[in-house]
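> Can you keep this structure in mind? I'll have questions shortly.
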Amino acid sequence: MSNKELVWVGPSGTLIPTNCSEPQDIVAYANGLNTKQKKDIARAFEHEAYDMGAEYTWRRAMVRLKSTLKTLGMGFIGEMLNNEDIDEYSNIDIVLNDYSAISLAEQLGAINSTGALKLRHALEMISHFLSDEAEKNNEELSKIDASALVSSCVKYVLGETDISIAIEFSELRNRLFSETLPLSDPQIEQLLGSPPFYIKTVVSVLLSGIKNEQGAAQEHAVRNLSILIQPIWNHIPEKDKWQIGNAYRDATAAGDISATKGLKTALLKVKGFDYVPENLRSSTFKKAAKSLIDAHFTMNNFYTEGPLVANLSKLGSSIPAPAFIDCVQAYLCVYLGNSYGVSNVAFSTAKVELLKITEDRWRYYFSKVLATDEIILAKLFNEKPKNRFKTLIQGHLSYLVESESLNTDILKLVQALNDGNDSRISGISHKLYQKIREK
Amino acid sequence: MEERSLRSQVMDLIGSFLFQEKFPNYSYLREGILDLIDSTSSYREEGEELYPEIFITNNIKSVLETLPFCKNVEIDKKTASIKEFSNALKLCAPLSVNGWVMYINVEEEEISYGVVSSEISELSPTFRTQAVGELSQNGDDYSIAYLQNVGNKSVLLKGSEASALIRLTLNSKATVHGQELTNLCSSITQDVESQYKEIAQSYFEKIIGNTLIVGHGNLIGVIKDNEEKIVSLKNRHNDGIYLAKPIDMYEFLAASEVEKTREACTSNRLFSSLLESMLNHDGMTVLTTSGKVLGYHIFVQPQGNEESDLVGGARTRAFEIMKRSECFELCFYKSQDGNEKIWSKADV
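In the order they appear, the protein sequences are chains L and E. Start counting the first sequence at 1; every next residue gets the next number (my numbering). Start counting the second sequence at 440; every next residue gets the next number (my numbering).
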């Protein structure tokens with residue numbers, strides 16, 4: 001499927017001439033910055049203050065991205081991130097970290113997948129070079145790395161005077177709240193043939209409508225979920241099934257009869273009540289896991305992960321089912337680290353907790369979750385995390401190689417990890433990652 | 440000599456109800472339910488009147504599957520018999536309070552019984568709403584019958600499709616608890632913010648509905664939340680307690696929904712319990728159309744020009760005076776024997 005056939009797609013960015021490699025030249029294409037800001041950045045690079053120039057460019061890019069996202073309403077952002085702590089009164093700069101802002105911008109078509117991938121890489125790099133550890137080791141951001149960062153920021157965020165959410169996405173969102181769409185609707189037909197990335201975004205949009213909208217808009221969201229749930233149920237990630245179950249529980253707790261009724265109807269159609277949390281214990285685990293993942297993707301993560309992984313592990317090893325995916329993802333993030341290494345303080349705790357996970361739960365993770373776990377799949381693109389994943393499989397999870405329940409690609413990935421075949425690991429993980437977004 | 444038996448009439452009604460609800464044809468079931476209806480129509484334990492909520496199903500597992508957050512305390516499992524229904528009632532009825540609902544799960548040879556609660560917050564819908572009310576959607580997986588004494592020796596029997604009100608009284612004027620509840624609570628939430636209006640109405644229905652069942656008569660007046668109306672009310676009906684600071688029930692409810700903290704939840708629960716007690720106190724309780732409690736224990740005095748045509752007991756006369764006092768948007772009355780009356784300014 002070409003990009004044109006997708007329900008919505010982010011822009012491919014501002015064209016920067018290939019012969020333009022000096023940061024101070026690239027920044028001239030940043031139409032989203034004013035003259036003074038451009039001059040400040042250029043001056044920093046002319047004085048070889050690469051980290052200063054890169055950090056300032058990065059900050060400006062993130063401020064722009066977040067202010068664009070903010071136009072959709074913080075309640076909507078909270079639902080898209082499956083974060084119940086974010087509501088209309090939340091401050092976007094406090095509650096939305098750079099990693100989530102990039103992911104959300106990609107989801108809503110403000111930037112395309114390549115842009116998101118490059119910005120995530122830039123984030124990892126800037127976070128490392130601005131960390132205490134890099135300072136202690138006298139590591140400095142090189143001109144080449146700084147140029148790459150500035151180039152990504154300008155190309156995908158600062159190049160245009162105005163960045164916006166994909167028009168096709170905004171239109172579909174409006175229709176989902178203002179019409180009851182039949183399965184024969186061309187846009188819905190197109191959506192149903194789309195990769196999980198798009199379907200899960202629409203599920204989050206509908207859940208946000210059911211929770212935050214009122215009157216006719218809420219009714220349309222409820223009816224549309226009820227219509228869509230059967231054809232999409234087998235194509236949405238496990239985490240999103242839990243999100244629907246959680247929404248049903250929340251609506252019941254809030255006494256919202258219309259939302260409860262709609263979600264109950266939807267869950268009945270797919271017999272999805274196994275995905276409704278029985279109690280609030282799982283929320284505590286999910287919050288602790290989320291804090292750890294947030295810390296993993298922000299500055300000084302090698303220091304901040306330590307106490308947070310300890311907090312999560314203190315909650316106990318009997319992780320409730322609704323929080324299992326979040327917890328294993330958090331522990332894996334810490335265990336696999338990033339291209340610059342791992343947090344020495346947090347690593348051993350994460351390893352101990354990962355080894356406590358039972359065989360049937362690992363089988364569940366590999367058969368139902370990993371294929372749509374873009375955070376962990378993206379870890380395999382880098383050398384160091386890939387090597388640590390190989391160690392985990394070879395040392396403790398080699399039984400998965402014989403597993404009949406795994407789908408073909410995941411089984412091949414596990415075999416490649418077990419065999420230490422780097423090129424195959426890379427090829428398969430990229431293929432799986434693309435499959436979430438492209439056909 | 441013509442002979443008409445109340446028992447055979449009710450047995451026929453239960454039979455047709457069970458048929459419509461597609462209950463299996465168990466030999467003991469019809470008579471077991473008849474016994475429950477008879478017993479609950481005026482049930483007392485240790486001298487205290489009880490109003491247990493009961494539901495009967497043939498597949499408790501499926502009922503609870505759609506309510507995974509439901510708490511289930513199974514009390515016993517016995518060989519199925521008519522007598523065992525009475526035992527179940529004796530053991531479970533005293534436990535069916537504060538959100539707990541008694542259940543009997545019927546099978547060919549055995550019945551099991553206990554209590555369940557589907558409430559996960561003070562705002563969550565009642566089990567009745569979830570199982571046989573607005574939220575019921577049981578498909579073909581199970582059959583369900585909900586049963587409760589609704590006052591005046593009347594028992595409500597409700598399923599997913601069919602419902603019946605079985606009156607074991609010869610009083611033609613008798614009404615049942617809660618039939619005017621929706622209108623009353625709609626008036627109390629008429630001017631609250633639209634964001635939580637629906638939730639607020641359900642919440643007041645839950646609190647006041649519960650109050651009406653256990654209370655011995657009530658008088659409720661609803662007025663517009665404006666200074667002029669309140670001053671006029673206090674002048675006209677001055678024999679009672681007006682709170683220096685009205686209790687804003689809507690504010691507590693909204694805070695509980697927005698903050699989702701233990702403190703907000705506890706405040707909400709405490710003030711709800713206070714409102715229940717005020718409503719069951721002697722005299723009139725006054726609420727505003729924005730969900731505030733202005734006062735309680737207010738004795739309604741005649742103005743002087745209306746007494747000639749006032750008849751009935753003290754509460755009936757007070758209701759008539761309230762209607763004519765030009766203070767209220769809506770007046771509600773429930774007598775000691777359970778009859779309800781409502782008057783709305785909008786309908787005049």
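Where is the CB? At the ideal position from N, CA and C, for every residue including glycine. Quick caveat: nothing in here was measured; it's all calculated off a predicted structure.
#1: Determine, for E:Leu562, whether the minimum Cβ-Cβ distance to residues of chain L falls below 8 Å.
#2: Does the CB of L:Gly73 have a neighbour CB from chain E at under 8 Å?
#3: Whose C-beta lies closer than 6 Å to the C-beta of L:Asn3 among residues of the same chain, with five residues either side of it excluded?
#4: Would you kindly work out how many angstroms separate the C-alpha atoms of L:Ser113 and L:Glu106, rounded to a whole number?
#5: Residues in the same chain with beta-carbon distance under 7 Å from E:Tyr642, minus the five sequence neighbours each way, listed in chain order, please.
#6: Among the candidates L:Thr161, L:Thr57, L:Ala134 and L:Gly13, whose CA atom is the shortest distance from the CA of L:Asn301?
#7: Going by CA-CA distance only, name the one from E:Leu506, E:Phe524, E:Tyr490 and E:Thr565 that's closest to E:Glu644.
#8: Going along chain L, which residues have a C-beta under 9 Å from E:Glu637?
#9: Is L:Arg249 near L:Tyr335, with beta carbons less than 8 Å apart?
#10: Quick check on the DSSP output: the beta strand (DSSP E) that includes E:Thr518 runs from which residue to which?
#11: Show which residues of chain E have a CB atom less than 7 Å away from the CB atom of L:Thr265.
#12: Taking the beta strand (DSSP E) that E:His736 falls in, what are its first and last residues?
#13: Straight-line CA distance for E:Ala757 to E:Met717?
#14: Mapping the DSSP letters down to three states, classify E:Asn591 as helix, strand or coil.
#15: Could you list which residues in chain L have their beta carbon closer than 9 Å to that of E:Ile680, in chain order?
#16: Could you work out which residue in E:Asp477, E:Asn591, E:Met541 and E:Asp451 is closest to E:Ala570 when comparing CA atoms only?
#17: Go through its chain and collect everything with a Cβ distance to L:Glu353's Cβ below 6 Å, but skip five positions before and after it.
#18: Compare the C-beta of E:Pro463 against all C-beta atoms of chain L and say whether one is closer than 8 Å.
#19: Give me whichever residues DSSP pairs with E:Trp782 in a beta bridge.
#20: Since E:Leu726 sits in a beta bridge, which residues does DSSP pair it with?
#21: Note down the Cα distance separating L:Asp294 from E:Arg708, rounded to an integer number of angstroms.
#22: Using beta carbons (cut-off 8 Å, strictly below), is E:Tyr642 in contact with chain L?
#23: Across which residues does DSSP place E:Phe494 in a beta bridge pair?
#24: Compare the C-alpha of L:Val95 against each of L:Leu119, L:Leu69, L:Lys118 and L:Ile111 and name the closest.
#25: Just how far apart, CA to CA, sit E:Ser466 and E:Leu607?
#26: So what does DSSP say about L:Val369, is it helix, strand or coil?
#27: What do you get for E:Glu492, buried or exposed, if any count of 16 or more other CB atoms within 10 angstroms of its CB means buried?
#28: Pick out whichever of L:Pro196, L:Thr298 and L:Lys290 has its Cα sitting closest to the Cα of L:Gln434.
#29: Using the Cα positions of E:Lys522 and E:Gly471, report the straight-line distance between them to the nearest angstrom.
#30: With H, G and I counted as helix, E and B as strand and the rest as coil, what does DSSP make of E:Asp721?
#31: Please list the residues of the region 59-85 of chain L that have a C-beta atom closer than 9 Å to any C-beta atom in chain E, keeping them in chain order.
#32: Does L:Ala28 have its Cβ less than 8 Å from a Cβ in chain E?
#33: Tell me the start and end of each unbroken alpha helix (DSSP H) in the region 352-422 of chain L that is at least 4 residues and wholly inside, in chain order.
#34: Between the region 495-514 of chain E and chain L, which residues of the former have CB atoms less than 7 Å from a CB of the latter, in chain order?
#35: For E:Ile550, which residues does DSSP report across the bridge?
#36: Starting from the C-beta of L:Ser147, find all residues in its chain whose C-beta is less than 8 Å away, skip the five residues before and the five after it, and write them out in chain order.
Looking at the coordinates:
#1: In the second sequence, residue 562 of chain E corresponds to position 123, counting from 1. Taking Cβ atoms only, chain L reaches closer than 8 Å to E:Leu562, which makes this a yes.
#2: By one-based count along the first sequence, residue 73 of chain L stands at place 73. Contacts with chain E at 8 Å (Cβ-Cβ) do not include L:Gly73.
#3: Position 3 of the first sequence, counting from 1, holds the residue named residue 3 of chain L. Note that L:Asn3 has pLDDT 49, beneath the 50 cutoff, so the model's placement of it is unreliable and the number below is only indicative. Closer than 6 Å at Cβ, skipping near neighbours: Val9.
#4: In the first sequence, the residue the question calls residue 113 of chain L occupies position 113. In the first sequence, the residue the question calls residue 106 of chain L occupies position 106. So the alpha carbons of these two residues sit roughly 6 Å apart.
#5: Counted from its first residue, the second sequence places residue 642 of chain E at position 203. Non-local C-beta neighbours of E:Tyr642 in its own chain, meaning closer than 7 Å and more than five positions away in sequence, comprise Leu562 and Leu692, ordered along the chain.
#6: Counting from one through the first sequence, the residue named residue 301 of chain L turns up at place 301. Nearest C-alpha to L:Asn301: L:Ala134.
#7: Position 205 of the second sequence, counting from 1, holds the residue named residue 644 of chain E. The residue with the shortest Cα to Cα distance from E:Glu644 is E:Thr565.
#8: Counted from its first residue, the second sequence places residue 637 of chain E at position 198. In chain order: Gln214, Gly255, Asp256, Ile257 and Ser258.
#9: The count along the first sequence starts at 1 and reaches residue 249 of chain L at position 249. The count along the first sequence starts at 1 and reaches residue 335 of chain L at position 335. Not in contact: L:Arg249 and L:Tyr335 (Cβ atoms no closer than 8 Å).
#10: Taking the first residue of the second sequence as position 1, residue 518 of chain E is located at position 79. Residues Lys510 to Thr518.
#11: To locate residue 265 of chain L, count along the first sequence from 1; it is residue 265. Those within 7 Å of L:Thr265 in chain E are Gln576.
#12: Looking up residue 736 of chain E in the second sequence gives position 297. Here the beta strand (DSSP E) through E:His736 covers Lys731 to Phe738.
#13: The residue given as residue 757 of chain E occupies position 318 in the second sequence. The residue given as residue 717 of chain E occupies position 278 in the second sequence. Cα to Cα, E:Ala757 sits roughly 17 Å from E:Met717.
#14: Working through the second sequence from its first residue, we reach residue 591 of chain E at position 152. Reduced to three states, the DSSP call for E:Asn591 is coil.
#15: Here the question's residue 680 of chain E lines up with position 241 in the second sequence. By Cβ distance, chain L contributes nothing, its closest Cβ being about 30 Å from E:Ile680, past 9 Å.
#16: Your numbering for residue 570 of chain E matches position 131 in the second sequence. If we check each option's Cα against that of E:Ala570, E:Met541 comes out closest.
#17: Against the first sequence, residue 353 of chain L aligns to sequence position 353. Counting only Cβ-Cβ distances below 6 Å, and skipping sequence neighbours, we find Ser313 and Tyr331.
#18: Numbered from its first residue, the second sequence carries residue 463 of chain E at position 24. No, E:Pro463 does not count as interfacial toward chain L.
#19: The sequence position of residue 782 of chain E within the second sequence is 343, counting from 1. Paired residue(s): E:Cys770.
#20: Indexing the second sequence from 1 puts residue 726 of chain E at position 287. Bridge partners of E:Leu726: E:Val661 and E:Val732.
#21: For the purposes of this step, residue 294 of chain L is identified with residue 294 of the first sequence, where counting begins at 1. For the purposes of this step, residue 708 of chain E is identified with residue 269 of the second sequence, where counting begins at 1. L:Asp294 and E:Arg708 have their C-alpha atoms some 35 Å from each other.
#22: Indexing the second sequence from 1 puts residue 642 of chain E at position 203. It does; some Cβ of chain L falls within 8 Å.
#23: What you label residue 494 of chain E is simply residue 55 of the second sequence in a count that begins at 1. Bridge partners of E:Phe494: E:Tyr542 and E:Tyr585.
#24: Along the first sequence, one-based indexing puts residue 95 of chain L at 95. The option with the nearest alpha carbon to L:Val95 is L:Leu69.
#25: One-based indexing of the second sequence puts residue 466 of chain E at position 27. One-based indexing of the second sequence puts residue 607 of chain E at position 168. Whole-angstrom Cα-Cα distance: 24 Å.
#26: Within the first sequence, the letter at position 369 stands for residue 369 of chain L. It is helical.
#27: Here residue 492 of chain E refers to the residue found at position 53 when the second sequence is read from its first residue. Buried, because 16 or more other Cβ atoms sit within 10 Å of the Cβ of E:Glu492.
#28: Numbered from 1 along the first sequence, position 434 holds the residue referred to as residue 434 of chain L. Its Cα nearest to that of L:Gln434, the residue L:Pro196 stands out among L:Pro196, L:Thr298 and L:Lys290.
#29: As a first step, residue 522 of chain E is located in the second sequence; it is residue number 83 there, counting from the start. As a first step, residue 471 of chain E is located in the second sequence; it is residue number 32 there, counting from the start. Rounded to the nearest angstrom, the two C-alpha atoms are 7 Å apart.
#30: On the second sequence, position 282 is the one that residue 721 of chain E refers to. In this structure, DSSP gives E:Asp721 a state outside helix and strand, which the three-state scheme calls coil.
#31: Glu84
#32: For the purposes of this step, residue 28 of chain L is taken as the residue at position 28 of the first sequence. Chain E, which has no Cβ nearer than 8 Å to the Cβ of L:Ala28, makes this no.
#33: 359-364, 374-379, 383-396 and 408-419
#34: Glu504, Thr505, Pro507 and Phe508
#35: Taking the second sequence and counting its residues from 1, one reaches residue 550 of chain E at position 111. E:Ile550 pairs with E:Lys517 and E:Val545.
#36: Numbered from its first residue, the first sequence carries residue 147 of chain L at position 147. Ser21, Glu22, Pro23 and Ile26.
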